[in-house]
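Notes to accompany the following structure.
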Amino acid sequence: GDILIIWDKLLGTFAEEKVEPKYGLTKPLNSYSFLWQHFHFQLELLLALRAAKGIKAKLKVLFGKPDDIDPTHREYLEIKLLNRNKQSIQFSLQRLILLNTILTLVVLFFTLLLTEYFTSPQQILLCLFILISIINSGAMIEQKKWVFYLDYFRLLLIGFIFYAFIPNHSILILLTVLGLVPLVFYKSTQKRYYAYLYNA
1 GDILIIWDKL LGTFAEEKVE PKYGLTKPLN SYSFLWQHFH FQLELLLALR
51 AAKGIKAKLK VLFGKPDDID PTHREYLEIK LLNRNKQSIQ FSLQRLILLN
101 TILTLVVLFF TLLLTEYFTS PQQILLCLFI LISIINSGAM IEQKKWVFYL
151 DYFRLLLIGF IFYAFIPNHS ILILLTVLGL VPLVFYKSTQ KRYYAYLYNA
């Protein structure tokens, strides 16, 4: 920024800021969800496109400034899509989220550090694990019920990652058996999981 100001002053095109600029989101998001944080604007854009009458208005939504989009669209989408649980977060859940975040950061660090030594399937599995873990943390904070399925998928991913690094058939059989146990005892596993996570 400073270099451009110098050129502006040299060329006589410098103009003092009259209005203080606002950067980024002017209204905070009401969600910890990784998915919501990254895709809320696209959803607001789609809603604004639907509400716009005529081609000219639709083009203005697509190619205009973000200020042109009605801010009530976000409020509507938050009410429609974000039915958050307002309960306080238990200490056991806080500890689990902290451990999850630390594990994700460690995996991310070593994935970035050693990426040139990994094969493409290993890289894809590690990236999927990181992505699912980030989504999982937001879902745990908001105490979503579908976090059980996400954690089960993450457990399967850990098995696939383990097999990708140590491709042994006996390990694959062991991981298959361990992956099937939660499916066989689905209801009781889910109940215990929710009881531990949300004290439900």
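Residues in the sequence shown are numbered from 1 upward in steps of one, following the working numbering. Think of the CB as a built atom: it goes at the ideal place given N, C-alpha and C, for glycine as much as any other residue. Since the model is a prediction, treat every value here as computed from it, not as a measurement.
- Here Leu49 is near Lys58, since their CB atoms are less than 8 Å apart.
- The beta-carbon separation of Ile135 and Leu150, rounded to 7 Å, stays under the 8 Å limit for a contact.
- Here Ile161 has Leu125, Leu126 and Phe129 as same chain residues with Cβ atoms under 7 Å from its own Cβ, once five neighbours each way along the sequence are excluded.
- Here DSSP, grouped into helix, strand and coil, assigns Ser31 to coil.
- Residue environment analysis places Val177 among the exposed positions, since fewer than 16 neighbouring C-beta atoms fall within 10 angstroms of its C-beta.
- Assigned with DSSP and collapsed to three states, Pro121 falls in helix.
- For Tyr163, same chain residues with a beta-carbon under 7 Å away, outside a window of 5 residues either side, are Ile171, Leu172 and Leu175 in chain order.
- The beta carbon of Leu82 sits closer than 6 Å to those of Ser31, all from its chain and outside the five residues before and after it, given in chain order.
- Spanning the alpha carbons of Pro182 and Tyr76 requires a straight line of approximately 38 Å.
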